[in-house]
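Just so you know, the sequences run in chain order A and B.
Going by the UniProt record's numbering, the first sequence runs without a break in its numbering and finishes at 429.
Going by the UniProt record's numbering, the second sequence runs without a break in its numbering and finishes at 306.
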Amino acid sequence: MPTRRTRSAVLTGALAASALVLAGCSGSDADEGPVVLEYWSWAPNIEQVVAVWNEANPDIQVEVNTAVAGAEITAKLLAAAEAGNLPDVSNTTYDNLPSLIINDIAADVSDVMGDREAETAGPAWNLTTFGGVNYAVPQGTSPQMLFYRTDVFAEHGIEAPTTWDEYAQAARTIHAADPDTYLATFPANDAQLFAALSQQAGAQWWSQSGDAWSVDIAGDASGQVADYWEGLVDEGVVATMKTYTPEWQAALADGTLVSWLGAVWTPPLIEQNAPETAGLWQAVALPQWTLDAPAAGVMGGSGTIVTTQSDHPEQAREFALWLNTSDEALNAYIEHANIWPAALSGRDLDGLAEPPSFMANQPDFYDLAAQIDEYTVEVTWGPNVAAGFDTFNNAFSDAIANGTPFRDALETVETSVVSDLETLGYTIE
Amino acid sequence: MTSLTSRRSRLRLAPYLFLAPALILATALLTVPIGYTVWRSLHATRITGGGLGVAEEVFVGIENYVRVLGRADLLPSFGRLLGFAVIFVPTAMVLALVFALLLDNVSSRLTRFSRISIFVPYAVPGVIAALMWGFMYLPGVSPFHDVAAALGLPRPDFLGHSGIIASIANIAIWGAVGFNMVILYTALRGLPNELYDAARIDGCSEWQLAIRIKVPLVVPGLILTGMFTVIGALQVFSEPNTMVTLSTAIGSDWVPMMVVYRDAFITNDLYGASALAIIITVVTLAASFLLLGIAQRRAFGSESRS
């Protein structure tokens, strides 16, 4: 945990920096009183990031509303769009962005983002650009990583697995040595993880060519991942508890689970659930199917949209850009919310020279993140990800409970996603 | 003459004036929202334009109903609802009646305490109750598992597929018994003591007194609480919805109300959710009227004849 003193030091620094910015822009017309922008976000401590902006921009004041959780923000935005009271700016996860675009909520932000491709991390650029139009200013990327307990691995004489075969072997060794301990859990409620693992294996669950969409959820690449995990579940060498549940939190804390297929945002979550294991975790790249061609999937991440109903779109775009690309905002974000910025300039900031406090034993943590970004695959999310993920959760819960093939569950998801898209009026290839 | 007509017209207006507040409230709070939901259920968004396209709201007739009713997850969710109701309704009713009769029979200082302690769970919000019981079911923290282990018994699987319906029903019963009991107990206290005296003089045992005299006389109370319990069963939502994260056996389509919630707020299909909401409302109303009809013919019908 950062101490209060370091926090305020960074804030003071950021304030000083923004004061310079303020001195720089003096030509704005302040005749009509300040423009007020409403901004929705679920990021922790976002108020402190916005305070930096408000201090520097007396003409454009931003009011933050944090009463929205990441998972509900789409539902809330859809309702607000209908009521005609959308905020000016909002955060959204990448997988929900397409649904915000088709519902005419996310506006074109190309005039601030259009020329920033070279300054933006590749995965984030792909996730926010559709048909050559930028619909969001990307905030961060989330390179997939494997986190494991170094003490437990050392005890059993296992090295960090670099291939999925080694990973399976590690699962067997650990469970054989102690039947109460598992290398991992296969969580039926984590479609995001399974999607990312499938992407790593080469699957594109949604893709668009011309005006038609194609859906490949039950194809060979995803099937390979399904067979692999079904094998481990059948062998009984991985647990099947759901993630983000009390049972899972307890398992992380008491050492029942000794690794986690997570992403760059994982350390604070482990810290929250198992603070006493600080210093025992190590992050490595995901195990690979083929070592010569490393790949990683997309595991979360979010960006900032300007809505179509904003009365001050220009100022809103300016704020959205500042929020995700300026040094002072990113410094505050890194300090308070542990992000890995999509803006490449942000990656050289001092805050990222050191690993997250929970991973203090691994100084190269962010170098690893940057490396993984290099081979993260290009991903397109479709317009009905939420429905697809929900079907995934139910289908895989059933498959685990009834011992039915995982490939059948994938078929169920694909059928449902395709019929959903067809109902909406899309052409499916 | 003129004063007479004006008085007459005033008289003719009077009932409507008296009805107005109720009518306005009913329209604003009931008819309009239901009408809006019906309107919604007949519309949907469709995509126009290439690529991602733009969604437009169009009239689709009964398409949402056909789609919702044709979904593979709907029938199982009604099945689970039925399973839940079969456990929940009789147990909650019988326990409430037994507690009410016991409290009515025993006159001691403990009565007041027992009455309150049976009633208190009703005051505990469903979400809190579900969390509380959820942790008692959860392997790893469950006290029942410790007890079972101490006795050398197999660990009960509260959250697995086999036990989950009963586990959820148990939470709901725990919350519902107190409310039903208080209504039945009040009905019992309202019965005249002379009846009991007469019965006792005729040689009626306490058991016979309860079964032959008290129970038939509180039938109206039983019907009322029965109705509430059935409607409560059809609306079950917060208990399973809270336990979703605790059990692999509960999906987001566990009972019909959860399907509505899921469609409206997780998968963002307000139109399908509206259609399903209308279907569930119709089913609930039909079930309530049917039960009420049967019960009234049995109970009140004979009463009015006598």
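Idealized CB from N, CA, C, for every residue including glycine.
Check	Outcome
Considering only DSSP beta bridges, list what W206(A) is partnered with.	V215(A)
Spatial neighbours of residue 321(B) within its chain, please: C-beta separation below 6 Å, excluding the five flanking residues on both sides.	This structure leaves residue 321(B) out entirely; chain B is present only between 1 and 306.
In whole angstroms, what separates the C-alpha of N103(A) from that of E166(A)?	45 Å
What residues of chain B sit near E378(A), judged by a beta carbon separation below 9 Å?	The contacting residues do not exist; E378(A) stays about 17 Å from chain B at best.
Cβ closer than 7 Å: which chain A residues qualify as neighbours of H161(B)?	A401
May I ask you to report which of helix, strand or coil DSSP gives I158(A)?	coil
Please classify Y39(A) as buried or exposed, where buried requires at least 16 neighbouring CB atoms within 10 angstroms.	buried
How about A218(A) and E411(A): are their beta carbons less than 8 Å apart?	yes
Would E247(A) and G140(B) qualify as a contact pair, given that the criterion is a beta-carbon distance under 8 Å?	yes
Is it true that the CB of G303(A) sits closer than 8 Å to the CB of T92(A)?	yes
Taking only the alpha-carbon atoms, compute the straight-line gap between L261(A) and A212(A) and give it to the nearest angstrom.	33 Å
Is the CB-CB distance between T48(B) and E57(B) below 8 Å?	no
Buried or exposed for D220(A), going by 16 or more other Cβ atoms inside 10 Å?	exposed
Tell me T225(B)'s beta-bridge partners as DSSP assigns them.	Paired residues: none, contrary to the question.
Taking the alpha-carbon positions, what's the F406(A) to A249(B) distance?	16 Å
Just the Cα atoms here: how many angstroms apart are L127(A) and I168(B)?	41 Å
Taking 7 Å as the limit between beta carbons, can you name the residues of its chain near L349(A), skipping five residues before and five after?	D327, L330, N331 and I334
Quick test of the definition: if touching needs 3 or more C-beta pairs under 8 Å, does the stretch 240 to 258 of chain B touch the stretch 27 to 41 of chain B?	no
Counting only Cβ pairs nearer than 8 Å, list the residues of chain B close to F130(A).	G51 and L52
Would you give the residue range spanned by the beta strand (DSSP E) that R46(B) belongs to?	H43 to T48
By Cβ distance below 8 Å, which residues in the same chain neighbour A71(A) in space, the five residues on each side in sequence not counted?	none
Contact between the stretch 106 to 125 of chain A and the stretch 139 to 157 of chain A is defined here as three or more beta-carbon pairs at a separation below 8 Å; is this criterion met?	yes
Note down, in chain order, each residue of its chain lying with its Cβ closer than 6 Å to the Cβ of W416(A), except the 5 sequence neighbours on either side.	It should be noted that the sequence gives Ser, not Trp, for residue 416(A). Within the same chain, S416(A) has close Cβ partners T391.
How many whole angstroms separate the CB atoms of V258(A) and L193(A), which I take to be in contact at a CB cut-off of 8 Å?	V258(A) to L193(A), Cβ: 17 Å. No contact.
Using a Cβ-Cβ distance cut-off of 8 Å, determine whether E72(A) contacts chain B.	yes
Using the rule of at least 16 other Cβ atoms within 10 Å of the residue's Cβ for burial, across every protein chain shown, is R155(B) buried or exposed?	exposed
Can you look up F265(B) in the DSSP assignment and give me helix, strand or coil?	helix
Examine chain A for any beta-carbon lying closer than 8 Å to the beta-carbon of F265(B), and answer yes or no.	yes
What would DSSP say about A263(A), mapped onto helix, strand or coil?	strand
Are any of the Cβ atoms in chain B nearer than 8 Å to that of N324(A)?	no
Residues of chain B with a CB under 7 Å from the CB of Y375(A): which are they?	The contacting residues do not exist; Y375(A) stays about 27 Å from chain B at best.
Please check if any C-beta of chain A sits within less than 8 Å of the C-beta of P125(B).	no
With a cut-off of 8 Å, do at least 3 Cβ pairs link the stretch 146 to 154 of chain B to the stretch 208 to 216 of chain B?	no
Do you know offhand how far A343(A)'s Cα is from W125(A)'s?	10 Å
Pairing CB atoms from the stretch 100 to 116 of chain A with CB atoms from the stretch 392 to 400 of chain A, are three or more of them under 8 Å?	no
Going along the chain, which residues of the stretch 233 to 259 of chain B sit with their C-beta nearer than 7 Å to a C-beta in chain A?	T245, L246, T248, A249, G251, S252 and D253
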